[in-house]
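To start, the structure itself, in structure tokens.
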Amino acid sequence: MLGFLLRLLPFWVREPLLIVIGAVLGVRIMYLAVHDHDRVAAGLGVVFLVFTAVRVYVVVRALRARRNPSPAAAADGAAVDAAAQPQPQPQPQAVAGSRPGPATPEKEPNAWGQAIAAVAVFGAVAAVLWLGPRVMPSDDNTPQPASCSDEEHEELPKAYKERTPQPVTGDELCKALNRPDLAELLGTPGETATTASGTNNTAPLTDGKVPQPEAEVKFDTYTVNVSATYNDLTTDQYVKLMKYGNERDIKTLKVLGRPAVFASDHTMKFEINLGGGGSGGPVEQGPLARTLSVALDRRDQGGSFDVTVWSESGALPDDSVLLGIAEKILPTIPERTAR
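Residue numbers in the sequence shown follow the working numbering, run continuously in steps of one, and reach 1663 at the last position.
Below you can see the structure in the form of structure tokens.
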């Protein structure tokens, strides 16, 4: 059907159209062949390019023949016309009231019209080739990284509105944490984030008066959580409390000029029964997590950012990984959190 429609087109429309299609397909197939190292595709691309070269040769010959007609052919045509011309014959008297009209010459195709039509066809083909990949659904099944949910319309708890300056929100923490290079910082560059979320919580046992927003990004290997606590607990006081608790491997240091501390503790694992008839299983001890707590400011007037990493297998990255994540994330958090 397509071949029949192409044969109906005039020469000066059909041939340029075939040249454009052959050139575009040939170049595209050759590019994919070189990119994917596919010899079959390379052979197919060569076929399209050879076809295009043949069509270009045909058009060039037609243009030369149209501009420079052969002299021998013109002389032969004149001789044939002279020999075939009939001798003058006596003309019968015209009937009164009739007047012979001039012979109507056959209208030749308009070359300019064909050229304009060819340009229009080229434009249509180029538009289809350009917009096609954007309009047609993609066959790429590569999983896309998770994006943070939009929580701008969620009303902030009262504790966030009363504190000056206003604390960072969970959505802002999520956007700072969900970096394109986060998997690389974790040492797993081939992984893609499966979930990303942020919440505007308040610290437990504070009657909802202490803001504690947090964000979490999960990968197949590790899960990363970043939270901010706006209390009056300094890093030194926090270290003393950890020594009385179950935290282990406590190590103090400086991060971005702020007091900071490393510590390890087990996460909590609990089960929620959605089937009814029960409240779920008991709270259990989850895998070990490593946390880097950094003071909100260099003067350490209270409060901290906590960067926590854990995995279902219980494996943990080196402390340098958490340190690198903190040094990348903390400068991107809105500065209004500094006091």
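Backbone N, C-alpha and C fix where the C-beta goes; we use that ideal spot for every residue, glycine too.
All figures in this text were calculated on a predicted structure; none of them were measured in a lab.
Classify residue i as helix, strand or coil using the three-state DSSP reduction.
i     : result
I1657 : coil
D1531 : coil
F1372 : helix
F1335 : helix
R1391 : helix
E1538 : strand
N1382 : Sequence inspection shows Val at residue 1382; the Asn mentioned does not correspond to that position. Note: V1382 maps to helix in three-state DSSP.
D1362 : coil
P1352 : Note that residue 1352 corresponds to Arg in the displayed sequence, not to Pro. Looking at R1352 - three-state DSSP - the assignment turns out to be helix.
G1514 : coil
S1559 : Looking at the sequence itself, residue 1559 is Thr, so the reference to Ser does not match. DSSP places T1559 in helix when its eight states are reduced to three.
P1489 : coil
G1648 : helix
L1577 : strand
P1641 : coil
V1344 : helix
T1367 : It is Gly, not Thr, that sits at residue 1367 in the sequence shown. In the structure shown, G1367 sits in a helix (DSSP, three-state: H, G or I).
G1494 : helix
A1584 : strand
A1470 : coil
Taking residue i as the reference, which of the options has the closest Cα?
i     : options                       : result
L1349 : A1366, K1499 and A1619        : A1366
N1502 : T1591, K1542 and D1362        : K1542
N1549 : V1358, I1653, L1342 and V1344 : I1653
T1559 : H1590, E1478, A1386 and L1620 : L1620
K1578 : E1339, S1644 and D1495        : S1644
E1486 : P1469, G1532 and A1520        : G1532
A1470 : S1628, V1631 and C1498        : C1498
N1525 : E1540, T1516 and E1515        : E1540
A1500 : L1341, L1510, R1390 and A1650 : A1650
T1632 : M1566, Y1546 and R1572        : Y1546
S1637 : D1495, D1544 and Y1484        : D1544
D1573 : T1376, R1614, L1480 and Y1562 : R1614
E1478 : G1514, L1368 and T1523        : T1523
Rounded to whole angstroms, what is the Cα-Cα separation between residue i and residue j?
i     : j     : result
S1521 : E1538 : 9 Å
A1639 : S1617 : 20 Å
F1554 : D1360 : Note that residue 1554 is Tyr in the sequence shown here, rather than Phe. Roughly 53 Å separates the two Cα atoms.
V1344 : L1506 : 44 Å
P1489 : L1557 : 18 Å
M1592 : V1358 : 52 Å
G1569 : S1635 : 22 Å
T1512 : T1576 : 27 Å
L1509 : P1641 : 10 Å
V1473 : R1338 : This sequence places Ser at residue 1473; Val is not what is there. Distance between the alpha carbons of S1473 and R1338: 52 Å.
L1373 : V1351 : 8 Å
F1629 : T1518 : 23 Å
V1370 : R1385 : 23 Å
G1494 : G1627 : 16 Å
F1375 : R1391 : 25 Å
Answer with buried or exposed for residue i, where buried requires no fewer than 16 other C-beta atoms within 10 angstroms of its C-beta.
i     : result
P1334 : exposed
E1608 : exposed
T1656 : exposed
L1387 : exposed
Q1625 : exposed
Q1468 : exposed
Q1536 : buried
G1581 : exposed
Counting only runs of 3+ residues fully inside the stretch 1602-1632, write out the beta strand (DSSP E) ranges in chain order. 1608-1619
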